[in-house]
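To keep things clear, I will list the structure first and then write my remarks on it.
2 protein chains.
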Amino acid sequence: MSDHQLSELAQQLRVDSVRAAAAAGSGHPTSSMSAAELAAVLFARHFRYDFERPDHPGNDRFVLSKGHASPLMYSVYKAAGAITDEELLTFRELGSRLEGHPTPQRLPWVETATGSLGQGLPVGVGIALSGKRLDRTGYRVWVLCGDSELAEGSIWEAAEQAGFEDLDNLTAIVDVNRLGQRGETRHGHDLDAYARRFRAFGWHVVEVGDGHDVDAVDRAYGEALSTAGQPTVILARTLKGKGVAATEDKEGLHGKPLKDADEAIEELGGIRDLRIEVHRPDEAQEPRPASAGHLQLPRFELGEEAATRDAFGQALAALGSARGDVVALDGEVGDSTRAEYFAKEHPERFFEAYIAEQQMVANAVGLASRGWVPYASTFAAFLTRAHDFVRMAAVSGAGLNLVGSHAGVAIGQDGPSQMGLEDLAMLRSVHGSTVLYPCDANQTAKLVATMADLDGIRYLRTSRGKNKVIYGPDEEFPVGGAKVLRSSDSDRITLVAAGVTLHEALAAADALEGEGIRARVIDLYSVKPVDRDTLREAAEQTGCLLTVEDHHEEGGLGDAVLDAFTDGRPVPRLVRLAVRTMPGSASPEEQLHAAGIDAGSIAAAARLLVEHAVAP
Amino acid sequence: MSDHQLSELAQQLRVDSVRAAAAAGSGHPTSSMSAAELAAVLFARHFRYDFERPDHPGNDRFVLSKGHASPLMYSVYKAAGAITDEELLTFRELGSRLEGHPTPQRLPWVETATGSLGQGLPVGVGIALSGKRLDRTGYRVWVLCGDSELAEGSIWEAAEQAGFEDLDNLTAIVDVNRLGQRGETRHGHDLDAYARRFRAFGWHVVEVGDGHDVDAVDRAYGEALSTAGQPTVILARTLKGKGVAATEDKEGLHGKPLKDADEAIEELGGIRDLRIEVHRPDEAQEPRPASAGHLQLPRFELGEEAATRDAFGQALAALGSARGDVVALDGEVGDSTRAEYFAKEHPERFFEAYIAEQQMVANAVGLASRGWVPYASTFAAFLTRAHDFVRMAAVSGAGLNLVGSHAGVAIGQDGPSQMGLEDLAMLRSVHGSTVLYPCDANQTAKLVATMADLDGIRYLRTSRGKNKVIYGPDEEFPVGGAKVLRSSDSDRITLVAAGVTLHEALAAADALEGEGIRARVIDLYSVKPVDRDTLREAAEQTGCLLTVEDHHEEGGLGDAVLDAFTDGRPVPRLVRLAVRTMPGSASPEEQLHAAGIDAGSIAAAARLLVEHAVAP
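Protein chains in written order, with UniProt numbering: chain G, 1 to 616; chain W, 1 to 616.
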């Protein structure tokens, strides 16, 4: 394509963006118009991709970090022949693949869902890590960012990771159109401000004074391609709403279709039907290694004292030996989460994010998009830092294993800043998630292996301290199941617990039995999905149910249990024990007692419920 | 104090840190030892503070961003005469004020809870903003950071805000001791790497090649004090575990008491009892303006169509007129959240965080610590970005008003990335929080005013689209209450809803009545705390209960309702409607229908429950 044709193509992308938004009656055409030349030159000249084989291992990867510029993306798809003009005009309609913000669940050419700003570049870094360290099929990763989103700290976590890892297969393209949603950005058109920041983080910087000059843009891409040893950022000065006098560089038009689309289309030179011949990638082999061997999970002796975090680390290392597709990530706490066991055995498949939990999850999303099976771990409390990334990973349909250690008040002296007390609520509320909370080492090992092959977001909650091993190493723990550990025909109450409180519940059941009160005990290791049948049966047979969790009372195990009783049938009596106060520093035993979730508190609550039908 | 005395004082802080951790049997002495000179020189020579009047408006503010170095902090308190040696040795004991990580809930000299890394500097920026733009009593903010935590993106959000706002009242001190928790940091002792980054963000940088040289440290503080127009960062090269051969610059000793504390204390020159005479601040007036006038909330007509986000913006602007202590913050979406109404009327009390939700909340925490009443708003979906900051704000006991707009699938075409579907779960699980979800404009206005004076984290969920005004402008909405909107002696079911689904529930009740099924309708505007009595009474009188929410089924309104039935008494029949599928783009009406939470779906579920006692 000649430079003139490229300019014409850019105009076509503008026109089609305007048309799509006009048809939808909503959307972000002005944010698309600023980046038209950036997209035209990239896709016509430099991007290597087989639209018929989106899983081609040699394909370059494009991420639209400014996800609201989806009309531009879809206009490119049309120009590349991937979608028809008719489909383009279904933009934002019910059932259309062309959503307001693109998602890979609907479109095979989308690498990751965007729309929450500041996430595309981090995930692009994850894909580039995959390309550089694991896949090695020579693909490049191109990420189109907005300038507004550079305010997100996650962008700088990504910049740090990419600079440190010398990701010269990564190019970030920043559409510096000066205008955010509600007015000017902090730095307006000051390209140097951004240049200083990226350079400081170890990036090669190319400034393009006119991002609508196709030749200048082309040269910038060439410079990115020829830069070795560091990632490149192209900072392109552009105008929002470019090409139409009524919108060009104007405030107050973010996220709005053009007022007079027909007039704008005419001003842009009318409808065109230019086609992009996107370069095909070279043939490449899928880099996924075959299964390496038989899985030999760690085995713990019944009665042994072992921490579930230790079992996690050992099981993950074993899984890594058996499966070449398993990778691990951590946030500079691998000695605490025990991810370091994997790191020591499989350093080539271990990714250190340092203390940057958003980037850790973004790396995992990027690796998952390339077919790897990631396990990302940190303290349960600090997974809250990456909540928005986890939420968006669910929108992507990404398969991630997240592991949160140091759950609950049971960690002891370190105090509330380190205690995961909201993690179950957070992970349960993620669409399509699985939430697992083991109480012993053998159970943990089995669940670590099981979760690898589930869909969506899988969460495993581990504990800091040691607990007695209560299951044999060959016991199975299906997701969605529960274990009834104590049961008799004369049970007068059911205690439901998981993790550390399961051991307290067992001790409470012993104490109650000594007083003549038989208690059923259920290990609810699968917090989501929950075993409705077992819970319903136990509640009906024993008449009442007491849940106990080392978590705040909202959204955790207690709520998971209640979920079993929303089927329209009458519900037996329920009481819930959970952490209701703000803990301070204290020993693990003191913490459980102070929170009212130790064996003594459980037994006391059980007595009240059985004998007086009231909650403590 | 002479330089020699300062060095002695630093050794004392080391000794006391070692002693405190030894007494506790846990804690982070080596992280304290690296920063001993940094602390000694600051508190003996430059910090201005009245320990007897922690609320003195002229006090400098110190934030320990590396919160795990609490032994150092407590050793300073002892040297300053604020605590006794006996109390120092209660470190990390049950009931002690000296927690593993410091919190203002226990100690009056702590500005904000730390322990989740990368949060102290952001909150320090918020305090400095307060000092610079509102308080103007001349205090300075000093933040002691670790080097590991500079990997957190939140640090760079803070750096961006501080640089942009020319916060020359702020000094960040980075204890570059090279070692993180599990090994070396990305940049080790490369001070220049950090210098480049801070400089790029507009900071004045002072590098101290030997952070144990009290004279060099003293000069660095002097340079910070004399720097105008920009914040200063002091990058000090230090050694972790400094002063004890067995720990100095050694890996693997993070978060561990010294093996032989007695020997280490001897090596450090033994126990001392030097005292710091901390400079008192000049007298200053509390800057909080008196109440400015009578609150005139916006009033909406019954039957009028109005969006709750509009009512929020108008009410907040009115509240700002009536109360001089109210401030507002937004994340570059003020035109959508309607925080711009406040910004236009009270620009001097409006804080723009651009697209940096963590910093937005950190600014709010900082402002709240100085006595201001902050309202921080963004899309409900994007509040998940700041989850860890909200969690830590609760540990601080900070009083924050958070407002999440664009809740639920009802936003329509923009799709799932923009839909808050986890926000109720997230905010309910925060310790001590209040969660409010109004369905009409007058209710919103009243709740905006009410929430100002509550304790802890207050959350208001607003909606994008317009709904009919169903309450008069003088109706009251107590927190913890609910409104019974339809009720008769022959009700056979109770519909519980809030926000947009409340209107759907009313329409469903109309349809059901036409079929001879009377339904009670409850507006659960107070999601937390929940009105247990009204819910219990309704369930018992009508026999069954159907909850409907524009939120995922976990952790939201349905779970809040179930909370009312965990008192040990039998529970009537329950069914819950919520968003269970991944939405795409569609109109608001199509979205509600597709999610099964529109009037038709509610009526259908109600029929099933009433007539067949089953869930859909």
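C-beta atoms are modelled at their ideal positions from N, C-alpha and C, and glycine is treated no differently.
For Glu549 (chain W), the secondary structure class from DSSP, reduced to helix, strand or coil, is strand.
Between the beta-carbon of Leu235 (chain W) and that of Ala195 (chain W) there is about 6 Å, and that keeps the pair under the 8 Å contact cut. Listed in chain order, the alpha helix (DSSP H) runs fully inside the stretch 360-422 of chain W are 387-396, counting runs of at least 4 residues. Only exposed fits Ile271 (chain G), as fewer than 16 other CB atoms lie within 10 angstroms of its CB. Within the same chain, Pro108, Trp109 come within 8 Å of Pro54 (chain W) by CB-CB distance, once the 5 residues on both sides are set aside.
Exposed is the label assigned to Gln5 (chain G), since fewer than 16 other Cβ atoms lie within 10 Å of its Cβ. Per DSSP, reduced to three states, the secondary structure at Tyr437 (chain G) is coil, with no helix or strand assignment. Positions of the beta strand (DSSP E) runs, each at least 3 residues long and wholly inside the stretch 224-307 of chain G, are given as 232-237, 305-307 in order along the chain. In this structure, G:Ile127 is the residue among G:Ile127, G:Arg97, G:Gly100, G:Ser7 with its C-alpha nearest to the C-alpha of Gly58 (chain G). W:Ala519 is the residue among W:Ala23, W:Ala519, W:Val484 whose C-alpha sits nearest the C-alpha of Ile602 (chain W).
One Cα belongs to Asp50 (chain W), the other to Ile173 (chain W), and the distance between them is close to 21 Å. Within the stretch 346-367 of chain W, contact with chain G at the beta-carbon level (separation under 9 Å) is assigned to Glu352, Ala353, Tyr354, Ile355, Ala356, Glu357, Gln358, Gln359.
In this structure, DSSP gives Asp567 (chain W) an extended state, which the three-state scheme calls strand.
With 16 or more neighbouring CB atoms inside 10 Å of its own CB, Lys66 (chain G) falls in the buried class. The Cβ atoms of Ser587 (chain W) and Lys528 (chain W) do not sit closer than 8 Å to each other.
A Cβ of chain G is located within less than 8 Å of the beta carbon of Ser417 (chain W). In this structure, Leu383 (chain W) sits near Asp423 (chain W), with a CB-CB distance shorter than 8 Å. Considering only beta carbons, the part of the stretch 65-82 of chain W lying closer than 7 Å to chain G consists of Gly67, in chain order. Taking 8 Å as the CB threshold, Leu574 (chain W) lines the interface with chain G. In this structure, Leu191 (chain G) sits near Glu207 (chain G), with a CB-CB distance shorter than 8 Å. The residues Asp523, in chain order, have a CB closer than 6 Å to that of Lys483 (chain W) in the same chain once the five nearest residues on each side in sequence are set aside. DSSP places Asn442 (chain W) in the helix class (H, G or I) of the three-state scheme. Residue environment for Ser490 (chain W): exposed (fewer than 16 other C-beta atoms within 10 angstroms of its C-beta). Taking each of W:Gln443, W:Thr566, W:Leu319, W:Val395 in turn and checking the Cα distance to Leu574 (chain G), the smallest one comes out for W:Thr566.
Assignment of beta strand (DSSP E) within the stretch 153-189 of chain W, counting only whole runs of 3 or more residues, yields 170-176 in chain order. Of all residues in the stretch 561-589 of chain W, only Leu562, Asp563, Phe565, Thr566, Asp567, Gly568, Arg569, Pro570, Val571, Pro572, Arg573, Leu574, Val575, Arg576, Val579, Arg580, Thr581, Met582, Gly584, Ser585, Ala586, Ser587 come within less than 9 Å of chain G when Cβ atoms are compared, listed by chain position. Membership of Gly600 (chain W) in any beta strand (DSSP E) is not indicated; the residue belongs instead to the alpha helix (DSSP H) covering 599-612. Taking the C-beta atoms as reference points, Glu345 (chain G) is found no nearer than 8 Å to Thr378 (chain G). In this structure Phe164 (chain G) is in contact with Gly202 (chain G), their Cβ atoms being roughly 7 Å apart against a cut-off of 8 Å. Shown here, Tyr221 (chain W) sits in a helix according to DSSP, grouped into three states.
Within the same chain, and ignoring the five residues on either side of Glu8 (chain G) in sequence, the residues whose Cβ sits closer than 8 Å to its Cβ are Gly269, Arg272, Leu274.
Among the residues of chain G, those whose CB is under 7 Å from the CB of Ser26 (chain W) are Gln413, following chain order. The shortest CA-to-CA distance from Val141 (chain G) to any of G:Glu99, G:Thr232, G:Val176 is the one to G:Thr232. Residues of the same chain with a CB within less than 7 Å of the CB of Arg580 (chain G), apart from the 5 flanking positions on each side, are Glu553 in chain order.
Per DSSP, the unbroken alpha helix (DSSP H) holding Ala560 (chain W) starts and ends at 557-562.
Against Phe62 (chain W), chain G offers no close residue; the least beta-carbon distance is about 18 Å (beta-carbon pairs closer than 9 Å).
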